[in-house]
Every structure is written in structure tokens, then in C-alpha cells.
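Structure first, then comments.
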Amino acid sequence: MVTGLTPVLVSACLLGEKCRYDGQDSYCPLLLEKLRGRPVVAACPEQLGSLGTPR
2 MVTGLTPVLV
12 SACLLGEKCR
22 YDGQDSYCPL
32 LLEKLRGRPV
42 VAACPEQLGS
52 LGTPR
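Counting along the sequence shown from 1, when you hit position 30 you're at 31 in the numbering used here, and nothing is skipped either side.
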């Protein structure tokens with residue numbers, strides 16, 4: 002983890018995690034490029050809200 006920088010919370014599907022409602026991801030390489038060097042915390046809002054994936 003890079004010290005001194007605030008972590009960025011990112012939806013896990015944007016990072017390539019297959020956790021969308023349809024079992025796919027929404028991988029976004031541009032987002033990864035923009036966040037390079039920053040600490041990133043991945044979270045799936047749907048799973049955190051007790052929704053199953055896929056459904």
C-alpha cells in the first residue's frame with residue numbers, strides 16, 4: 002500500500018471481478034490507468050447489499 006494517499010473505493014466489477022448481476026465484469030482499463038500508483042479498495046456494492054451474483 003502506498004502511504005500518504007487516501008485509498009480509492011472502486012466497484013470490483015470495474016477491476017475485472019466477475020461479480021455483476023449477470024456473472025460478468027465491467028473491466029475498465031482506463032480506470033486502472035487513472036488510478037495507477039494509488040491504493041485501491043475493491044468492493045462489490047451488490048454483494049455488500051446481500052444480493053447474489055449472478056442472479
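Every residue gets a Cβ at the ideal spot worked out from N, C-alpha and C, and that includes glycine. Quantities reported herein were computed from a predicted structural model and do not represent experimental measurements.
So does residue i have its beta carbon nearer than 7 angstroms to some heavy atom of the ligand SAM?
i          : result
proline 46 : The ligand SAM is not part of this structure, which contains no ligands at all.
If you check the beta carbons only, do residue i and residue j fall under 8 angstroms apart?
i            : j           : result
glutamate 47 : tyrosine 28 : no
leucine 15   : arginine 39 : no
Sort out for me which residues DSSP pairs residue i with in a bridge.
i         : result
serine 12 : Ala44
Could you tell me the alpha carbon to alpha carbon distance between residue i and residue j, rounded to whole angstroms?
i            : j          : result
glycine 50   : alanine 44 : 11 angstroms
leucine 33   : valine 9   : 11 angstroms
proline 55   : valine 11  : 19 angstroms
glutamate 18 : leucine 31 : 16 angstroms
glycine 1    : alanine 13 : Residue 1 lies beyond the stretch modelled for the chain, which goes from 2 to 56, so this question has no answer here.
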